[in-house]
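Numbering (the UniProt record's numbering) for the sequence shown: 1 to 373.
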Amino acid sequence: MAHTPFDLRGIPLALHLNGPVDTPALLGACAAVAGRHPVLGRVRVTRTESTPEGYPGVATAEATRPFDLERGPLARFTLVRVGHERVRLLFTAHARVFDAGSKDLLVRDLADAYFSRAPLPPPDGTPSATWDPAPPDGAEEFWRRREREPVEPVLPGLRTVPHGTGPGEIVEMVLGAAESGALTEAAATLGATRFELLLAAVGVLLRGYGTVVSPLALDLGTRTCRTRERIGPFVARVPFAPHPGPDEEFPAYLRTVRAELHAMYRFRHAPPEPPAAPVLFSYRRRAAVPEFPGIGAGVEWTVFNGVAHGALHVQAVDAARSLTLGLRFNPAVIGHDDVSRIAGHLRALLRALAVEPGARVSELLEPSRPGPS
Numbered sequence: 001m002a003h004t005p006f007d008l009r010g011i012p013l014a015l016h017l018n019g020p021v022d023t024p025a026l027l028g029a030c031a032a033v034a035g036r037h038p039v040l041g042r043v044r045v046t047r048t049e050s051t052p053e054g055y056p057g058v059a060t061a062e063a064t065r066p067f068d069l070e071r072g073p074l075a076r077f078t079l080v081r082v083g084h085e086r087v088r089l090l091f092t093a094h095a096r097v098f099d100a101g102s103k104d105l106l107v108r109d110l111a112d113a114y115f116s117r118a119p120l121p122p123p124d125g126t127p128s129a130t131w132d133p134a135p136p137d138g139a140e141e142f143w144r145r146r147e148r149e150p151v152e153p154v155l156p157g158l159r160t161v162p163h164g165t166g167p168g169e170i171v172e173m174v175l176g177a178a179e180s181g182a183l184t185e186a187a188a189t190l191g192a193t194r195f196e197l198l199l200a201a202v203g204v205l206l207r208g209y210g211t212v213v214s215p216l217a218l219d220l221g222t223r224t225c226r227t228r229e230r231i232g233p234f235v236a237r238v239p240f241a242p243h244p245g246p247d248e249e250f251p252a253y254l255r256t257v258r259a260e261l262h263a264m265y266r267f268r269h270a271p272p273e274p275p276a277a278p279v280l281f282s283y284r285r286r287a288a289v290p291e292f293p294g295i296g297a298g299v300e301w302t303v304f305n306g307v308a309h310g311a312l313h314v315q316a317v318d319a320a321r322s323l324t325l326g327l328r329f330n331p332a333v334i335g336h337d338d339v340s341r342i343a344g345h346l347r348a349l350l351r352a353l354a355v356e357p358g359a360r361v362s363e364l365l366e367p368s369r370p371g372p373s
């Protein structure tokens with residue numbers, strides 16, 4: 001199977017450690033994590049030094065360096081010393097062995113191994129790192145009914161519609177405690193989760209631009225009680241068909257979104273071939289940063305690897321008191337300024353929903369109407 005250079009890049013994160021880091025213990029923790037999660041295979045660990053000014057270039061080079069899928073390894077740690085008592089541990093792994101939900105497990109296990117200075121026990125659950133339950137009856141028919149011809153979305157400034165992966169840039173915005181809290185209240189009022197509310201809001205935004213059929217695909221997690229402690233590729237990319245009508249009330253559309261998600265959860269372990277959807281939505285809740293005894297720790301959860309999927313990828317990372325929305329895009333088909341406008345429209349739409357969660361879709365479309373080019 002042929003791969004583009006962008007298919008060969010991994011999923012990165014960066015652990016920031018400030019203080020008297022015990023380097024041998026940290027390197028031992030890397031080895032312990034690799035031992036606990038054999039799906040990672042042979043893990044490469046390297047060390048280097050940089051300066052605070054030079055570190056961003058080191059981190060970008062590491063995040064965008066492709067993997068050799070035939071020869072491996074498919075996971076690597078890079079320990080970078082950037083000054084006195086300042087260490088950055090970069091981790092990157094390919095999607096064949098890792099997913100966004102694995103990040104919390106990786107950082108937690110690193111902290112546990114650093115504290116214990118000992119190998120980690122195997123995770124609870126099934127011995128197979130990629131165990132899947134038997135697909136329920138009806139999975140093939142369920143996904144067949146959701147097949148559709150490729151849809152061309154309407155987006156401000158979109159010049160053409162790519163499929164697959166390509167070069168990427170990102171526009172990122174953070175909703176702080178006040179805005180995030182307002183969304184929580186709106187979701188509770190509507191009897192929905194924040195994930196369901198955000199997904200429905202993206203559908204309304206696309207409708208506001210003139211897209212009349214859903215162009216969306218979702219990344220759904222597939223972990224079960226047997227695999228929730230395991231690093232691995234526990235994600236399925238699936239088509240998402242519901243799309244709002246302009247005269248529909250938002251709560252009614254949200255109920256349709258919730259019903260479709262609940263139906264999909266039953267069949268997510270037997271997904272179809274990845275759809276050629278030009279707009280991708282992914283969501284995850286991130287855990288708190290675990291403690292590393294005696295040192296300050298922080299995590300860059302959303303290090304950008306320079307890859308875009310399709311025309312637009314809306315990536316939501318939910319924390320206890322904030323929400324980070326990253327809009328990844330291919331600059332060959334849509335400009336940075338246009339995606340910044342989309343981000344602004346999405347923020348305005350979320351604010352409108354927080355004020356009036358029971359509004360009609362047509363009443364919510366005003367913030368997302370594109371202005372003149």
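Ideal Cβ positions, reconstructed from N, Cα and C, are used throughout, including at glycine.
Could one say the Cβ of residue i lies closer than 7 angstroms to chain C's Cβ atoms, at least one of them?
| i | result |
| --- | --- |
| Phe-292 | The structure shown contains no chain C; it holds only a single protein chain. |
Roughly how many angstroms separate the alpha carbons of residue i and residue j, rounded to a whole number?
| i | j | result |
| --- | --- | --- |
| Asn-18 | Asp-137 | 52 angstroms |
| Ser-362 | Gly-344 | 18 angstroms |
| Gly-221 | Val-58 | 31 angstroms |
| Ala-129 | Gln-315 | Only weak support is given to the placement of Ala-129: the predicted model assigns it a pLDDT of 48, under 50, and the question is left unresolved by the model. |
| Val-202 | Leu-346 | 7 angstroms |
| Tyr-209 | Ala-259 | 25 angstroms |
| Val-257 | His-313 | 19 angstroms |
| Thr-64 | Met-264 | 33 angstroms |
| Gly-41 | Ala-32 | 12 angstroms |
| Ser-102 | Phe-77 | 15 angstroms |
| Val-45 | Arg-117 | 17 angstroms |
| Gly-335 | Val-174 | 21 angstroms |
| Phe-142 | Leu-106 | 34 angstroms |
| Ala-332 | Glu-169 | 10 angstroms |
| Asp-338 | Val-355 | 26 angstroms |
| Ala-187 | Leu-353 | 9 angstroms |
| Asp-104 | Glu-179 | 24 angstroms |
| Asp-247 | Arg-145 | 25 angstroms |
| residue 381 | Arg-81 | With the chain covering only 1 through 373, there is no way to say anything about residue 381. |
Might you give, ordered along the chain, the residues of its own chain that have their beta carbon closer than 6 angstroms to the beta carbon of residue i, omitting 5 neighbours on each side?
| i | result |
| --- | --- |
| Pro-274 | Arg-237 |
| Leu-365 | Gly-208 |
| Gly-358 | Pro-251 |
| Pro-271 | Ala-236 and Val-238 |
| Ala-34 | Leu-40 and Val-43 |
| Leu-218 | Val-238, Phe-240 and Phe-281 |
| Pro-242 | Thr-256, Val-257 and Glu-260 |
Just tell me which of the options has its CA closest to the CA of residue i.
| i | options | result |
| --- | --- | --- |
| Ile-11 | Ala-31, Ala-29, Phe-67 and Thr-51 | Phe-67 |
| Val-43 | Ala-288, Val-355, Ser-116 and Leu-90 | Leu-90 |
| Thr-51 | Val-87, Ala-354, Val-33 and Gln-315 | Val-87 |
| Pro-135 | His-269, Glu-147 and Asp-124 | His-269 |
| Pro-215 | Val-279, His-313 and Leu-69 | Val-279 |
| Leu-26 | Ala-332, Leu-364 and Ala-111 | Ala-111 |
| Thr-211 | Ala-139, Pro-150 and Pro-56 | Pro-150 |
| Ala-177 | Ala-319, Leu-205 and Asp-338 | Ala-319 |
| Arg-223 | Leu-198, Leu-183, Arg-266 and Val-82 | Arg-266 |
| Phe-240 | Asp-247, Glu-196 and Pro-246 | Glu-196 |
| Gly-54 | Gly-83, Leu-183, Pro-153 and Leu-155 | Gly-83 |
| Thr-60 | Ala-354, Thr-23 and Phe-304 | Phe-304 |
| residue 389 | Asp-22, Leu-69, Glu-62 and Arg-226 | The question about residue 389 has no answer here: the residues shown for the chain are numbered 1 through 373. |
| Pro-38 | Glu-147, Glu-229 and Ala-139 | Glu-229 |
| Arg-360 | Thr-184, Gly-245, Asp-104 and Phe-292 | Gly-245 |
| Ala-113 | Pro-24, Pro-56 and Glu-49 | Pro-24 |
| Pro-153 | Thr-227, Arg-146 and Ala-276 | Ala-276 |
| Ala-200 | Phe-292, Glu-62, Arg-146 and Leu-261 | Leu-261 |
| Glu-85 | Arg-148, Leu-13, Ala-187 and Glu-49 | Glu-49 |
| Arg-213 | Glu-147, Glu-185 and Thr-184 | According to the sequence shown, residue 213 is Val rather than Arg. The candidate whose alpha carbon is nearest that of Val-213 is Glu-147. |
Got a sec? Which residues, its chain only, sit under 8 angstroms from residue i by beta carbon, not counting five neighbours each side?
| i | result |
| --- | --- |
| Ser-340 | Val-171 |
| Glu-108 | For clarity, residue 108 is Arg in the given sequence; the question names Glu instead. Closer than 8 angstroms at the Cβ level, and outside the excluded window around Arg-108, lie Ala-287 and Pro-290. |
| Leu-205 | Ile-342, His-345, Leu-346, Leu-349 and Ser-368 |
| Gly-181 | Arg-321 |
| Pro-167 | Phe-6, Gly-306, Val-307, Ala-308, Asn-330, Pro-331 and Ala-332 |
Starting from the C-beta of residue i, find all residues in its chain whose C-beta is less than 7 angstroms away, skip the five residues before and the five after it, and write them out in chain order.
| i | result |
| --- | --- |
| Val-317 | Arg-284, Arg-286, Trp-301, Thr-302 and Thr-324 |
| Asp-7 | Thr-165 |
| Arg-47 | Leu-79 |
| Arg-36 | Asp-109, Leu-120, Pro-122 and Pro-123 |
| Ala-93 | Gly-10, Ile-11, Leu-40, Leu-74 and Ala-75 |
| Pro-5 | Pro-66 |
| Gly-72 | Gly-41 and Arg-42 |
| Leu-198 | Tyr-283 and Ala-316 |
Exercise. If we count Cβ pairs, one from each stretch, closer than 8 angstroms, do we get three or more for the stretch 300–315 versus the stretch 325–333?
Worked result: yes
Exercise. Would the stretch 233–245 and the stretch 97–104 be scored as touching if the rule is three or more Cβ pairs under 8 angstroms?
Worked result: yes
Exercise. Is the stretch 187–195 touching the stretch 244–264 in the sense that three or more CB pairs, one from each, lie closer than 8 angstroms?
Worked result: yes
For this session: Count the CB pairs spanning the stretch 253–264 and the stretch 148–161 that are closer than 8 angstroms, and state whether there are at least three.
Result: no
Problem set entry | Contact between the stretch 16–30 and the stretch 288–301 (3+ Cβ pairs under 8 angstroms) | yes
For this session: Would you mind listing the alpha helix (DSSP H) stretches within the stretch 233–293 that are 4+ residues and don't spill past its ends, in chain order?
Result: 250–267
Exercise. Which ranges would you report for the beta strand (DSSP E) in the stretch 107–171 if only whole runs of at least 3 residues count?
Worked result: 165–167
For this session: Output the residue ranges of the beta strand (DSSP E) runs that lie fully inside the stretch 58–96 and measure 3 residues or longer, sorted by chain position.
Result: 75–83 and 86–93
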